[in-house]
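**Student:**
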Amino acid sequence: MSDAPQHIVELRDVQLAFAEKKVLNGISLKVEPLDRLVIMGQSGSGKSTILRLILGILQPNAGEIFFKQFEISRLQRRKLQQVRSRIGMVYQYSALLSSRNVRDNIALPLEELTRKTRAEIDKIVDEKLELVGMQESKNQMPSELSGGMRKRVSLARALVMDPELILFDEPSAGLDPVISSVIDELIISLTERSKVTSVIVTHEMDSAFRIATRMAMLYQGEVIADAEPERLKKSDNPVVQQFLSGSTEGPILEGSKDAVATK
Ligand SMILES: Nc1ncnc2c1ncn2[C@@H]1O[C@H](COP(=O)(O)OP(=O)(O)OP(=O)(O)O)[C@@H](O)[C@H]1O
Ligand SMILES: [Mg+2]
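So in this note's numbering, the last one in the sequence shown is 265, and the numbering has no gaps at all.
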């Protein structure tokens, strides 16, 4: 395609509704190489939905979604699987398989998607565990790990195919403030060291400002702000300001009162 974008991810005028509920109302976003784009927005605003669209798990009703030159929603199954193997995903609740130990959880994508030998796989698993500081836990079961440790393991699993893009859904959900700072630092150091681009969904503002090279804010199905963190802080959009300050005064709750009143 002649106008194939040079970005890592591009959403063009994407619309998505579940039954009659419109979730995304024509959103456009670009993720450039090495960006750490933080997507913010209220609960239910469609943040996880955007990650699922990028992975091709969901299809948009209108608009286009590209990963590099590939238009995700037009790929055949096989090709989509190949493209997906270049994208790592860290799920909100880690999503490790409880019947497999740490080593086997991390090895799984390599076993399923490559022809590497056991020795080659073990070497990669060791490397990735070392990156997240979890070598000691290689033989433990997920149930024996704390939430922060599970998160690290799922980070190692997301890195195992050497992806070009990593998607993080609420990386610090359910973690204490200290551990969530540790995870933030890990996201920054891993993405810089491995030269990988990332999209991070969060509603923890401290975390967002620590991690982001760019921030986008979703509100009522639209991207109402998309800028570097310092510029976003200075935005004169009252919704952005209310979100950043966490205040109950402002348009956000007014909007939901209307929504309740019109139901
Ligand atoms: N498979 C689905 N079927 C029907 N509705 C859905 C589906 N997935 C998401 N939704 C709806 O779409 C909206 C956006 O959901 P999404 O999970 O993207 O929100 P979110 O911004 O990630 O919220 P949170 O911060 O609570 O995780 C919600 O209203 C949700 O109920
Ligand atoms: Mg979500």
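Just so you know, even glycine gets a beta-carbon here, dropped at the ideal spot from N, CA and C.
Comparing the CB of residue 50 with every heavy atom of ligand 2, is any distance shorter than 6 Å?
**Tutor:** Yes.
**Student:** Which partner residues of residue 89 appear in the DSSP bridge assignment?
**Tutor:** According to DSSP, residue 89 bridges with 167.
**Student:** Specify the secondary structure class of residue 54 as computed by DSSP and reduced to three states.
**Tutor:** Helix at residue 54.
**Student:** Looking at C-alpha atoms only, which residue of 158, 63 and 224 is the closest neighbour of residue 22?
**Tutor:** Among 158, 63 and 224, the Cα nearest to that of residue 22 is on 63.
**Student:** Rounded to the nearest angstrom, how far is the Cβ of residue 104 from that of residue 142, given a contact under 8 Å?
**Tutor:** Going by Cβ atoms, the distance from residue 104 to residue 142 rounds to 6 Å, so yes, they are a contact pair.
**Student:** Does DSSP classify residue 206 as helix, strand or coil?
**Tutor:** In the structure shown, residue 206 sits in coil (DSSP, three-state: anything other than H, G, I, E or B).
**Student:** What does a CB cutoff of less than 6 Å around residue 1 pick up in its chain, not counting 5 residues either side in sequence?
**Tutor:** Here the chain has residues from 3 to 265 only, and residue 1 is not among them.
**Student:** Would you check if the distance between the CB atom of residue 167 and the CB atom of residue 204 is smaller than 7 Å?
**Tutor:** No, they are not a contact pair.
**Student:** For residue 131 versus residue 158, is the C-beta spacing smaller than 7 Å?
**Tutor:** Their beta carbons are under 7 Å apart, which means residue 131 touches residue 158 by this criterion.
**Student:** Quick check on residue 49: buried or exposed, where buried means 16 or more other Cβ atoms within 10 Å of its Cβ?
**Tutor:** So residue 49 counts as buried.
**Student:** List in chain order: all unbroken alpha helix (DSSP H) runs of 4+ residues lying wholly within the stretch 53–128.
**Tutor:** For the stretch 53–128, whole alpha helix (DSSP H) runs of length 4 or above, ordered along the chain, are 79–86 and 104–115.
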